[in-house]
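To start, the structure under review is shown below, and the notes come after it.
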Amino acid sequence: MKKLKLVGILAAVVLIGSVISIPLINNHTAYKVEKALCEIPLPEETELIESLSQAGKLTGNGNGMQYFGAILIRSDLSLEELDAYYSGYRSNEWECLVETQEGQSIEVIEHKALQFSEEIEDGGYYIVYSWGSGNSLLKELDIRGH
61 MKKLKLVGIL AAVVLIGSVI SIPLINNHTA YKVEKALCEI PLPEETELIE
111 SLSQAGKLTG NGNGMQYFGA ILIRSDLSLE ELDAYYSGYR SNEWECLVET
161 QEGQSIEVIE HKALQFSEEI EDGGYYIVYS WGSGNSLLKE LDIRGH
């Protein structure tokens with residue numbers, strides 16, 4: 061009877077631990093996408109304002125976990141110049157994408173309200189963002205991807 065009780069307690073601890081740890085691991089995967097963007101040297105006449113990351117069902121239809129990282133930069137360079145600069149750091153079509161940032165809300169995120177804390181009132185702000193990937197089992201077990 062004591063062994064059965066011990067097995068039950070152990071099973072409960074493993075279940076609760078999994079429910080808590082899976083979102084944390086997925087958040088860390090998204091943070092690594094953000095960190096990778098922050099480690100790219102900035103082009104001249106450009107300053108890093110803010111960075112952020114998010115894991116969850118962020119865009120598209122159906123089930124699926126996405127890992128998003130972004131940096132907000134202010135630059136005197138044009139969108140085309142910034143895109144040309146960051147294209148040298150792309151290893152696929154989902155990395156180091158550059159768009160003009162108008163306002164705090166991040167428009168490429170469809171299913172969450174994600175925004176920068178910096179007040180954006182004039183031009184010269186750009187978002188550089190990447191979509192990452194992670195462990196497929198953890199993607200399926202995280203309720204945020206459904």
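Going left to right, the sequence shown walks through residues 61 to 206 as our numbering numbers them. Beta carbons: idealized from backbone N, C-alpha and C, even for Gly.
CB of residue i within 8 Å of CB of residue j, strictly
| i | j | result |
| --- | --- | --- |
| Ile131 | Val168 | no |
| Gly205 | Thr89 | no |
| Ala115 | Asn152 | no |
| Gly192 | Lys92 | yes |
| Thr106 | Ser135 | yes |
| Ile82 | Leu198 | yes |
Exposed unless 16 or more other CB atoms sit within 10 angstroms - verdict on residue i
| i | result |
| --- | --- |
| Leu97 | buried |
| Ile203 | exposed |
| Ile133 | buried |
| Ser117 | In the sequence as presented, Ser is not what sits at residue 117; that position holds Lys. By the 10 Å Cβ count, Lys117 comes out buried. |
| Ile166 | buried |
| Leu142 | buried |
| Ser113 | buried |
Pick from the options that is closest to residue i, judged by C-alpha positions
| i | options | result |
| --- | --- | --- |
| Tyr185 | Asn123, Ile109 and Glu153 | Ile109 |
| Glu94 | Ile100, Asp136 and Gly129 | Gly129 |
| Gly124 | Ser135, Glu140 and His171 | His171 |
| Val158 | Met61, Ser190, Thr119 and Lys199 | Ser190 |
| Tyr145 | Asn121, Glu200, Leu102 and Ser177 | Leu102 |
| Glu200 | Trp154, Ala71, Gly68 and Gly122 | Gly122 |
| Ile100 | Glu178, Cys156 and Lys63 | Cys156 |
| Thr119 | Ala72, Ala173, Leu70 and Leu64 | Ala173 |
Straight-line Cα distance separating residue j from residue i
| i | j | result |
| --- | --- | --- |
| Gln175 | Ile76 | 31 Å |
| Glu162 | Ser138 | 14 Å |
| Leu66 | Val74 | 12 Å |
| Gln164 | Arg150 | 25 Å |
| Ile85 | Tyr127 | 11 Å |
| Glu104 | Glu181 | 22 Å |
| Ser147 | Ser111 | 19 Å |
| Lys62 | Gly68 | 10 Å |
| Ala71 | Glu140 | 55 Å |
| Glu178 | Trp154 | 25 Å |
**Request:** Please specify which runs of the beta strand (DSSP E), each continuous and at least 3 residues long, are wholly inside the region 104-129, giving them in chain order.
**Result:** 106-116
**Item:** Contiguous alpha helix (DSSP H) assignments of at least 4 residues, all confined to the region 150-201
**Value:** 196-201
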